[in-house]
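Note that the sequence shown covers residues 167 to 365 in the numbering used here.
Glycine residues also receive a C-beta, built at the ideal position from the N, C-alpha and C atoms.
Below is one structure, written out as structure tokens; comments come after it.
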Amino acid sequence: MRIAVVGVQGAVEEHVLITRKAMKKLGIDGEVVPTRKKGVVGKSDGVIIPGGESTTISRLIWKDSIAKEVIGKAEEGKPVMGTCAGLILLSKHGDEQVEKTKTKLLGLLDVWIKRNAFGRQRESFEVNLNVKNIGLFPAVFIRAPAIVKVGENVEVLAKFEDYIVGVQQGNILGFAFHPELTNDTRIHEYFLKLAESNR
Ligand code: GLN
């Protein structure tokens, strides 16, 4: 199995390491490849888009056609997971910040996203959240976005206060928080199981 981690900017290495750890736990023989260039995503069995700065990541993935490869993978039924800025990029409906910065989204998740939803007072924080199909999970939020509304094919996996912070739409997964910044591999294991069943 080969998992590609879009590595243009942000929390890339952390996703690579925790995905390797999750593979080991599940006894999957495979590799996890960070990539900044076109070609790797197209030959993968699943893709992760890390957090970082969504405007920057957007610009770089559209410039080098990685964006088109990600969309192609999603269409093939391979799992695509976005965390934090990665979730913003997967979304179909942006907010005024997305518009103002002319951030081009991938449009793979039928959700309405709000960037920096938790404001300046709560730049970063950690809470234990009940995540559907996973259980109680230590969720680390860093200048996180949130989902304000979902389309009918989107399953809500996690909520925090009035917001939706974890979703699944078939093979597409999105989390507003950073599962790669914990030692808990369960979300990555969940993603890998989707990859395994779609190989
Ligand atoms: N605030 C960032 C954005 O809007 C996301 C932060 C993150 O990925 N940790 O792009």
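- Per DSSP, Met167 has no beta bridge partner at all.
- Counting of Cβ neighbours within 10 angstroms places Val293 among the exposed residues, the total staying below 16.
- Pairing Ala188 with Leu358 gives a Cβ-Cβ distance under 8 Å.
- Between Gly317 and Ser231, the alpha-carbon positions lie close to 27 Å from each other.
- Here Ile223 carries a helix assignment [DSSP, helix/strand/coil].
- The shortest C-alpha to C-alpha distance from Ile194 to any of Arg168, Ala233, Ser210, Val172 is the one to Arg168.
- DSSP, reduced to helix, strand and coil, places Leu360 within a helical segment of the structure shown.
- Annotation: Lys266 is outside any beta strand (DSSP E); the continuous alpha helix (DSSP H) that includes it extends over 262 to 266.
- The beta carbon of Val178 sits closer than 7 Å to the beta carbons of Val171, Pro200, Pro216 from its chain, once the five residues preceding and following it are set aside; these are given in chain order.
- The shortest C-alpha to C-alpha distance from Leu271 to any of Gln334, Gly260, Tyr356 is the one to Gly260.
- In the DSSP annotation of this structure, the continuous segment of the beta strand (DSSP E) that includes Ile330 starts and ends at 329 to 335.
- Out of Leu256, Asn296, Trp228, the CA that lies nearest to the CA of Asn337 is found in Leu256.
- A direct Cα-Cα distance of roughly 11 Å separates His181 from Val213.
- For Thr351, no beta strand (DSSP E) segment is defined, and its DSSP state is neither H nor E.
- The distance from the Cβ of Ile353 to that of Ile300 is about 6 Å, consistent with a contact at the 8 Å cut-off.
- The beta carbon of Gly208 lies closer than 8 Å to those of Glu235, Gly238, Lys239 in the same chain, with the five residues before and after it left out.
- Relative to the ligand GLN, the beta carbon of Glu219 is positioned inside 7 Å of a heavy atom.
- Cβ neighbours of Thr267 within its own chain (closer than 6 Å, five residues either side excluded): Thr221.
- It is roughly 7 Å from the alpha-carbon of Leu226 to the alpha-carbon of Val174.
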